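Student: Positions 7 to 366 (this note's numbering) are the ones given, in order, by the sequence shown.
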Amino acid sequence: MSKIKSFDLSNVKLDNLVIHQVGNKTQEEPLHTSTTEVYLENYSPLYKSIQNYFLKPFKQGEFFHFDCPEGGSSFQDNEVLQCVSRIFDDPYNGLLANSKELASLLYNASTHPRIKGGDFFVAVLRDFVVDGDVVDAVGLFKAEHKDTFLKIWDLDNKKAFDIINEEGVSIKKLDKGCLIFKCEKERGYKVMLNSIGNQSVEALYWKESFLQLRPRQDHFFHTQNYLNLCSDFVEEVYNEDHGVEKPAQIDLLNRSLKYFKEKEDFHVVDFENNVIEEPEAIEAFQEFKEDYSEKKEVPLFEEFRVSKEAVKKSQKLFKSMIRLDKKISIVVGGNEQNVEKGYDGERNMNYYTIYFNEEE
7 MSKIKSFDLS NVKLDNLVIH QVGNKTQEEP LHTSTTEVYL ENYSPLYKSI
57 QNYFLKPFKQ GEFFHFDCPE GGSSFQDNEV LQCVSRIFDD PYNGLLANSK
107 ELASLLYNAS THPRIKGGDF FVAVLRDFVV DGDVVDAVGL FKAEHKDTFL
157 KIWDLDNKKA FDIINEEGVS IKKLDKGCLI FKCEKERGYK VMLNSIGNQS
207 VEALYWKESF LQLRPRQDHF FHTQNYLNLC SDFVEEVYNE DHGVEKPAQI
257 DLLNRSLKYF KEKEDFHVVD FENNVIEEPE AIEAFQEFKE DYSEKKEVPL
307 FEEFRVSKEA VKKSQKLFKS MIRLDKKISI VVGGNEQNVE KGYDGERNMN
357 YYTIYFNEEE
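1) Alpha carbon to alpha carbon, how far is Tyr211 from Ala115?
2) Given a threshold of 16 other Cβ atoms within 10 Å of its Cβ, counted over all protein chains shown, does Thr229 qualify as buried or as exposed?
3) Using a Cβ-Cβ cut-off of 7 Å (strictly less than) and excluding sequence neighbours within five positions of Phe277, which residues of its own chain qualify?
4) Would you check if the distance between the CB atom of Cys89 and the CB atom of Leu112 is smaller than 7 Å?
5) Taking the beta strand (DSSP E) that Phe294 falls in, what are its first and last residues?
6) So Val243 is in the alpha helix (DSSP H); what residue range does that whole segment cover?
7) Does DSSP put Phe227 in a helix, a strand or coil?
8) What's the gap between the Cα of Lys11 and the Cα of Glu173?
9) If you compare alpha carbons, which of Val136, Asp257, Lys188, Glu246 is closest to Lys65?
10) Using 10 angstroms around the beta-carbon of Phe307, count the other beta-carbons present and answer buried if the total reaches 16, otherwise exposed.
11) Please classify Met355 as buried or exposed, where buried requires at least 16 neighbouring CB atoms within 10 angstroms.
12) Which residue comes first and which comes last in the alpha helix (DSSP H) that contains Gln27?
13) What are the start and end residues of the alpha helix (DSSP H) that includes Asp95?
14) Pick out the complete alpha helix (DSSP H) segments inside the region 79 to 153, 4 residues or longer, and give them in chain order.
15) When the Cα of Phe286 is compared with those of Tyr244, Asp257, Gly145, which residue comes out closest?
16) May I have the straight-line CA-CA distance separating Glu150 from Val24, to the nearest angstrom?
17) Would you check if the region 12 to 21 and the region 41 to 61 touch, i.e. whether three or more CB-CB distances between them fall below 8 Å?
18) For my contact list, Phe187 and Phe134 are in at a C-beta cut-off of 8 Å; report their separation, rounded to the angstrom.
19) Would you check if the distance between the CB atom of Phe239 and the CB atom of Ser313 is smaller than 7 Å?
20) Give the straight-line distance between the Cα atoms of Val121 and Asn104, rounded to the nearest whole angstrom.
21) For the beta strand (DSSP E) that Phe187 lies in, which residues bound it at each end?
22) Provide the residue span of the beta strand (DSSP E) that contains Arg311, from first to last.
23) Based on Cα-Cα distance, which residue from Ser320, Asp271, Gln321 lies nearest to Glu309?
24) Measure the alpha-carbon distance for Lys213 versus Glu303 and round it to whole angstroms.
25) Cα-Cα, which of Glu190, Cys184, Thr117, Leu52 is closest to Met198?
26) May I ask which residues mark the beginning and end of the alpha helix (DSSP H) holding Glu315?
27) Kindly identify the DSSP beta-bridge partner or partners of Asn159.
28) Contact criterion: CB-CB distance below 7 Å. Does Lys191 meet it with respect to chain B?
29) Thinking Leu146 and Val128 are a contact (beta carbons under 8 Å), I'd like their distance in whole angstroms, please.
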């Protein structure tokens, strides 16, 4: 008997779809809402293209819950959550009206001048596998960029061809996307965002102004918090200002990342004793951890299951390279004790000495 995957989109079905056009409110661009749903023939080439366009960006990783809006008393006052709940209750009769309300909410959130208008899709999808359970979802997607393409056709089947250029949505990249799964309603639903490459205003408005989300406190959340903590600790405390040279900083980052890659479960005492090791550094780490938790307003658990997805996502924080001037780089993968830094008074320049047994 095959094992059920924890996250699987291979059997998802697109049931219903509505498309609206949402402009930038500040720029006085219009909001155009549709009067009908879109009919798609099941499993037709168009159906498959649209479904792939919606779902391809989503990978197993971070989840969110709907948060309490400003001025509200709980997450249940979140208007996007309310619309989605009504769609879940009656997807066939409630989709069109509630999708219009969602479009209006998005329009009211599109106030920054850099936010682009675009096509807003609201879809009912079925048969996701999330954490081993089969669940339905409401998908919210936005296409903001248009591509120019060439259209060539045969004139009246006379083998005389003509060509024009047209503008349309490229299905290679989804600009904004959100999947709201029909589970954990009592906590604000389980919500997933497509990967957003930057944290600019035009990217964050989707998550913070429109959807109003908060992180779901699961093993991904805890793993990511500790990895961020380790990176910030090296940057702010375990640094040259406190007598720690760059190779030793990189070594601590490498050993921290290795710990999370190899361990199935995190235990803070084990991490401190086997990764940080030095008593003074452990004490500094503990103090920094308390301040970090208070300032960032995040809980830092002493034990949790390690999320390999969070480790993979956070690897970019752990740089193993020393960059010198503009054209020289030293990669430190271990044995930082064999890399020494010095200063040449005659040349008025810093230098590194590297000791090794053999050259590969």
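Glycine included, C-beta positions come from ideal geometry on N, C-alpha and C.
Computed from a predicted model, the values in this text were never measured in an experiment.
Tutor: Looking at the coordinates:
1) Position 205 of the sequence shown, counted from the start, is the residue given in the question as residue 211. Position 109 of the sequence shown, counted from the start, is the residue given in the question as residue 115. Near 7 Å, if we compare the C-alpha coordinates of Ala115 and Tyr211.
2) To locate residue 229, count along the sequence shown from 1; it is residue 223. By the 10 Å Cβ count, Thr229 comes out buried.
3) Translated into the one-based positions of the sequence shown, residue 277 becomes position 271. So the list reads Tyr265, once near-sequence residues are dropped.
4) Looking up residue 89 in the sequence shown gives position 83. Looking up residue 112 in the sequence shown gives position 106. No; because the gap between Cβ atoms is not below 7 Å, this pair is not in contact.
5) Residue 294 sits at position 288 when you count from the first residue of the sequence shown. No beta strand (DSSP E) holds Phe294; the alpha helix (DSSP H) holding it covers 285 to 302.
6) Walking along the sequence shown from the start, residue 243 turns up at place 237. Here Val243 belongs to no alpha helix (DSSP H), and DSSP marks it neither H nor E.
7) What you label residue 227 is simply residue 221 of the sequence shown in a count that begins at 1. Of the three classes helix, strand and coil, the one that applies to Phe227 here is helix, per DSSP.
8) Locating residue 11 in the sequence shown gives position 5, where the first residue counts as 1. Locating residue 173 in the sequence shown gives position 167, where the first residue counts as 1. C-alpha separation (whole angstroms): 39 Å.
9) As a first step, residue 65 must be located in the sequence shown, where it is residue number 59. Among Val136, Asp257, Lys188, Glu246, the Cα nearest to that of Lys65 belongs to Val136.
10) The sequence position of residue 307 within the sequence shown is 301, counting from 1. Phe307 is classed as exposed because its beta carbon has fewer than 16 other beta carbons within 10 Å across all chains shown.
11) In the sequence shown, the residue the question calls residue 355 occupies position 349. With fewer than 16 other Cβ atoms within 10 Å, it is exposed.
12) Here residue 27 corresponds to residue number 21 of the sequence shown, with the count starting at 1. Note, Gln27: premise wrong, no alpha helix (DSSP H); beta strand (DSSP E) at 19 to 28.
13) Against the sequence shown, residue 95 aligns to sequence position 89. Where Asp95 is concerned, the enclosing alpha helix (DSSP H) stretches over 85 to 95.
14) 85 to 95, 97 to 115
15) In the sequence shown, the residue the question calls residue 286 occupies position 280. Before going on, a small fix: residue 286 reads as Glu here, not Phe. The candidate whose alpha carbon is nearest that of Glu286 is Tyr244.
16) The residue given as residue 150 occupies position 144 in the sequence shown. The residue given as residue 24 occupies position 18 in the sequence shown. Cα to Cα, the separation comes out at about 16 Å.
17) yes
18) For this step, residue 187 is matched to residue 181 along the sequence shown. For this step, residue 134 is matched to residue 128 along the sequence shown. At roughly 6 Å, the Cβ-Cβ gap stays under 8 Å, so Phe187 and Phe134 are in contact.
19) Start at 1 with the first residue of the sequence shown, and residue 239 comes out as number 233. Start at 1 with the first residue of the sequence shown, and residue 313 comes out as number 307. No, the pair does not count as a contact, with Cβ atoms beyond the cut-off.
20) Your numbering for residue 121 matches position 115 in the sequence shown. Your numbering for residue 104 matches position 98 in the sequence shown. Inspection of the sequence shows that residue 121 is occupied by Ile rather than by Val. Whole-angstrom Cα-Cα distance: 23 Å.
21) As a working mapping, residue 187 is identified with position 181 in the sequence shown. Note, Phe187: beta strand (DSSP E), 182 to 187.
22) Position 305 of the sequence shown, counted from the start, is the residue given in the question as residue 311. Segment 309 to 311, the beta strand (DSSP E) holding Arg311.
23) Numbered from its first residue, the sequence shown carries residue 309 at position 303. Measuring from the Cα of Glu309, the nearest candidate turns out to be Asp271.
24) Here residue 213 is taken as the residue at index 207 of the sequence shown, counted from 1. Here residue 303 is taken as the residue at index 297 of the sequence shown, counted from 1. CA-CA distance, Lys213 to Glu303, rounds to 19 Å.
25) Here residue 198 is taken as the residue at index 192 of the sequence shown, counted from 1. Nearest Cα to Met198 within the set Glu190, Cys184, Thr117, Leu52: Cys184.
26) Taking the first residue of the sequence shown as 1, we reach residue 315 at position 309. Start and end: 314 to 320.
27) Locating residue 159 in the sequence shown gives position 153, where the first residue counts as 1. The sequence as given places Trp at residue 159; Asn does not occur at that position. Beta-bridge pairing links Trp159 to Asp168.
28) Looking at the structure shown, chain B is missing, and only one protein chain is on hand.
29) Your numbering for residue 146 matches position 140 in the sequence shown. Your numbering for residue 128 matches position 122 in the sequence shown. Sure, about 6 Å apart at Cβ, within 8 Å.
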